[in-house]
Amino acid sequence: MNTTFDSNLIYWTAFVSNMMVNISQYAMGAVIFIGDIGAVLSFVTLYQPALRKNSCALYYLASSATQIIDFNFGLMTRMLQYGYNVNTVNYVPWFCKIRYYLLYVFVAIPRYFIILASIDRYFASSHDALRRQWSSKKIAHRVIFINIIFWLLIYVHVLIFYEIQHGECLPRKGAYNIFFSIYIAFDSGILPPLFIIIFSLLTLRNIRHIKNRTNPMNGANGGQHIPTTIMAKKDLQLFKIAFNEAIIFVILSTLNPCYFLYQAFTMNTQKSPLRLLVELSVFHTSYVFLQLELALTFFIYIWSASIFRQEFLRLFKHKICRRRIEDPRIVTNERHHVLQ
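Under the numbering used here, the first residue of the sequence shown is numbered 43, with each subsequent residue one higher.
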């Protein structure tokens, strides 16, 4: 009886271990690949004059730039650790602290830039002129700087309380471990989708208020269309981006806070090695989903906003294709080929 139980335990332990390695190698690798390409394309497209003049686009631009750091440091080091057994983080104390500090900082910064973009859409759509003043390039530049400094400071405690315990880089046991599990559940999993949903709904209410106020004015003027200057077409498309990102955030962020809250409430429970391994694989999966939110932003931009698609296609045609056509080496080679 015990032999059968031990055999099953060994089998499931090996199965979960292999699954975690596959998640680390292939799922994380795919997210890094998709995320890097998407972040670069998003940054280049959003940097075009037609878009970077908009305050909301500036937040998305800043998010794209910091996503590159997140994918190529935070996610890359995790993939190397659990997928390829490169465990420097578990043996070098200073790297243990720096790695987790930068990981948490650069997961938070790009996600909260996206939240700030949704807040900007709320101000831009407001019928109150004073509130609309908060949606400006000048404000955006200041808030981008403040957001970076804020998260660099807010996670300083990681540099103090993360340490190597029994060959693993972990938060210090006790009260800090409980505090950090609950804190990270709210910071990474609950607050981002909650903020985006709230401000998306408030923006939607503002847009409906604008339409309701515009329609009676049009009827009073013999059916002539009177354009509103409160929200341009570009602003409405950027709102669609924020709204669609809210949906993706809710879908992909759910597992992560559930895991951390579970960890906080079962911290003092005696757990078997298999249970610990299953919990670690669940955490890996939740982390992949969390990073997938950011990796999909380029595709959300393309899908949600025609102005982004137009700028991307224009950039591709006029910058990349023209450069190829105008390259004298290519032209010479093509002429030489024709003469032959």
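Here a beta-carbon is modelled for each residue, glycine too, at the ideal position from N, C-alpha and C.
Practice task
Could you tell me which uninterrupted beta strand (DSSP E) segments, each at least 3 residues in length, are contained entirely in the segment 161-214, listed from first to last along the chain?
Solution key: 204-207, 210-213
Problem - Simplified DSSP assignment, three categories, for Q305 - result: helix
Exercise for the section: Kindly indicate the opening and closing residues of the alpha helix (DSSP H) around L318. Expected result: 315-337
Exercise for the section: Could you check if F285 is buried or exposed, using at least 16 other CB atoms within 10 Å of its CB as the buried criterion? Expected result: buried
Problem - N298 to H360 span [Cα, whole Å] - result: 42 Å
Exercise for the section: Give a yes or no on contact between the segment 48-62 and the segment 306-325, applying the rule of three or more CB pairs nearer than 8 Å. Expected result: yes
Handout entry: Anticipated Cβ contact below 8 Å, I111 with F148, distance rounded
Key = 5 Å
Practice task
Quick one: give me the first and last residue of the alpha helix (DSSP H) that G231 is part of.
Solution key: Where G231 is concerned, there is no enclosing alpha helix (DSSP H), given that its DSSP letter is neither H nor E.
Practice task
Could you tell me which of L172, S167, I65, S49 sits nearest to M118, measuring between CA atoms?
Solution key: I65
Problem - Three-way DSSP call (helix, strand, coil) for F57 in this model - result: helix
Handout entry: Reference V134; option with closest CA among L212, M70, D229
Key = L212
Handout entry: Reference Q175; option with closest CA among D162, F187, I186
Key = D162
Practice task
Report yes if the CB atom of Q67 is closer than 7 Å to the CB atom of G116, and no otherwise.
Solution key: no
Problem - Buried versus exposed call for T308 [16 or more other C-beta atoms within 10 Å across all chains shown] - result: exposed
Practice task
Can you grab the Cα-Cα spacing for the pair A288 / I238, in whole Å?
Solution key: 5 Å
Handout entry: Cβ pair Y218, F203 closer than 7 Å
Key = yes
Problem - Simplified DSSP state of Y154, which is helix, strand or coil - result: helix
Handout entry: Reference T386; option with closest CA among F228, I249, L88
Key = As displayed, the chain neither begins before 43 nor continues past 382, which places residue 386 out of reach and without an answer.
Problem - Cutoff 6 Å; reference T245; Cβ partners in own chain excluding five residues on either side - result: R163, Y164, S167, F281
Practice task
Consult DSSP for A347 and reduce its assignment to one of helix, strand or coil.
Solution key: coil
Exercise for the section: Please report the residue range of the alpha helix (DSSP H) in which T119 lies. Expected result: 118-126
Handout entry: N-terminal and C-terminal residue of the alpha helix (DSSP H) that Q109 is part of
Key = 97-111
Exercise for the section: Would you tell me roughly how many angstroms separate the C-alpha atoms of A159 and L243, rounded to the nearest one? Expected result: 14 Å
Practice task
Would you please state the rounded distance, in angstroms, between the beta carbons of A306 and S223? I believe it to be under 8 Å.
Solution key: 4 Å
Problem - DSSP-derived helix/strand/coil call for G216 - result: coil
Problem - alpha helix (DSSP H) segment containing F75, residue limits - result: 70-88
Exercise for the section: Would you kindly work out how many angstroms separate the C-alpha atoms of I249 and L51, rounded to a whole number? Expected result: 58 Å
Handout entry: Nearest-angstrom Cα separation, counted from S49 out to T108
Key = 47 Å
Handout entry: Whether S295 touches K179 by CB criterion (7 Å)
Key = no
Handout entry: Assigned exposure category for Q352 - 16 Cβ within 10 Å defines buried
Key = exposed
Handout entry: Neighbourhood of S177 by C-beta, 6 Å cutoff - its chain only, sequence neighbours within 5 removed
Key = S97, D162, F165, A166
Practice task
Look up Y133 in the DSSP assignment and say whether it is helix, strand or coil.
Solution key: coil
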